[in-house]
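Presented below is the structure to which this report refers.
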Amino acid sequence: MTKCLLDGITTSACSPTNAIHTGFHGVSGEGGRVGSAGVPKDYRNTTLTNSPVRESQAQAYAVFDAYVSTFSRQFEADGERIKSLYLWSESPGTGKTTSASALLNEWLIRHYVGSIQRGRTPLQRPAYFLDANELQTEYNAFNRPRVPDSIANPAAERYYNAINHAKHTPFVVIDDVGVRDVSDGFRGDFHSIVNYRVTAQLPTVYTSNIPMKELPRVFGEERLYDRMRDMTQEIAFGGESKRGKR
């Protein structure tokens, strides 16, 4: 799999000494706009073209190919709204997170290259990956009784930084929507992320193991679900687990 997401644009941009490469991947190859997005390392170089589940999820990828063609609207002041996607399957390992990460990387590429082509400075964080389970772990780390401040304080800082990024970044993946057994406090914070993005009309790709119709159980109300589904396309993933076959 490619180690430079820009090689589909021009191989010269993939030289570690190239300023374009450095701005995108960082000096070490682990930073830049790609690093700030927070995509898990396993998916950091995945695109729609090289995705290992492209063939097995061909119907979904036909939708994705059309979807990324709308990403140019981000540069239009009065452009048509870019919709959100909801990828789900009851079975784990069908490629939801892989595909969501590929879509995020496609946004990164188009934002970075498109900004340079238009004489603009690319945003430092054009896209962001939020793992809902990891966010809940951080929440628990500073809300359990008798947690030392040396653990609780850094966890709280990471938690609220993640929430801020998830709210305000132009394009966000929220992985594993539908986490169960959460506290009212965490549910309220998670609700605020989704509500902010829906209100601001920011494109979001959600992954989940439940269909959208079951989201009221997660959010605790019908209203947010109704607003969310209005501009969100639901895509079901089928087939067997592909884990270990990247």
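When the letters of the sequence shown are read in order and numbered with the working numbering, they come out as residues 18 to 263. Every residue, glycine too, gets a C-beta built ideally from N, C-alpha and C. These numbers come from a predicted model, not from an experiment.
- By the beta-carbon neighbour count (other beta carbons within 10 angstroms, threshold 16), residue 153 is buried.
- Spatial neighbours of residue 90 in its own chain (CB-CB distance under 7 Å, excluding positions within 5 residues in sequence) are listed in chain order as 96, 97 and 99.
- Within the stretch 124-169, complete alpha helix (DSSP H) segments of at least 4 residues are found at 149-160, given in chain order.
- Apart from the 5 residues on each side of it in sequence, residue 53 sits with its Cβ closer than 7 Å to the Cβ of 141 and 142 in its chain, given in chain order.
- Annotation for residue 254: no alpha helix (DSSP H) segment contains it, and DSSP assigns it neither H nor E.
- With contact defined as three or more Cβ pairs closer than 8 Å, the stretch 100-108 and the stretch 241-257 are in contact.
- When Cβ pairs closer than 8 Å are counted between the two stretches, the stretch 183-194 is seen to touch the stretch 114-126, the count reaching three or more.
- When DSSP states are grouped into helix, strand and coil, residue 219 belongs to the coil group.
- Taking the C-beta atoms as reference points, residue 22 is found nearer than 7 Å to residue 122.
- With a cutoff of 7 Å on beta-carbon distance, residue 172 and residue 155 are scored as near each other.
- Counting the other Cβ atoms within 10 Å of the Cβ of residue 165 gives fewer than 16, which makes it exposed.
- Residue 45 sits away from residue 38, with the two beta carbons spaced by 7 Å or more.
- Of the residues assessed, residue 49 falls on the buried side of the cut-off, its CB having 16 or more other CB atoms within 10 angstroms.
- Residue 163 has its alpha-carbon roughly 45 Å from the corresponding atom of residue 129.
- DSSP, reduced to helix, strand and coil, places residue 118 within a helical segment of the structure shown.
- Annotation for residue 189: the continuous beta strand (DSSP E) segment containing it runs 188-194.
- For the set 131, 40 and 149, the Cα lying nearest the Cα of residue 206 is the one of 149.
- For the options 218, 59 and 80, the alpha carbon positioned closest to that of residue 184 is the one of 218.
- Residue 58 places its beta carbon 7 Å or farther from that of residue 224.
- 25 is the residue among 254, 29, 136 and 25 whose C-alpha sits nearest the C-alpha of residue 66.
- Between the alpha carbons of residue 186 and residue 175 lies a distance of about 16 Å.
- Put simply, the backbone Cα of residue 84 is about 13 Å away from that of residue 188.
- Within the DSSP bridge table, the entry for residue 103 names 223 and 251 as partners.
- Measuring C-alpha to C-alpha distances from residue 254 to each of 244, 146, 74 and 212 identifies 74 as the nearest.
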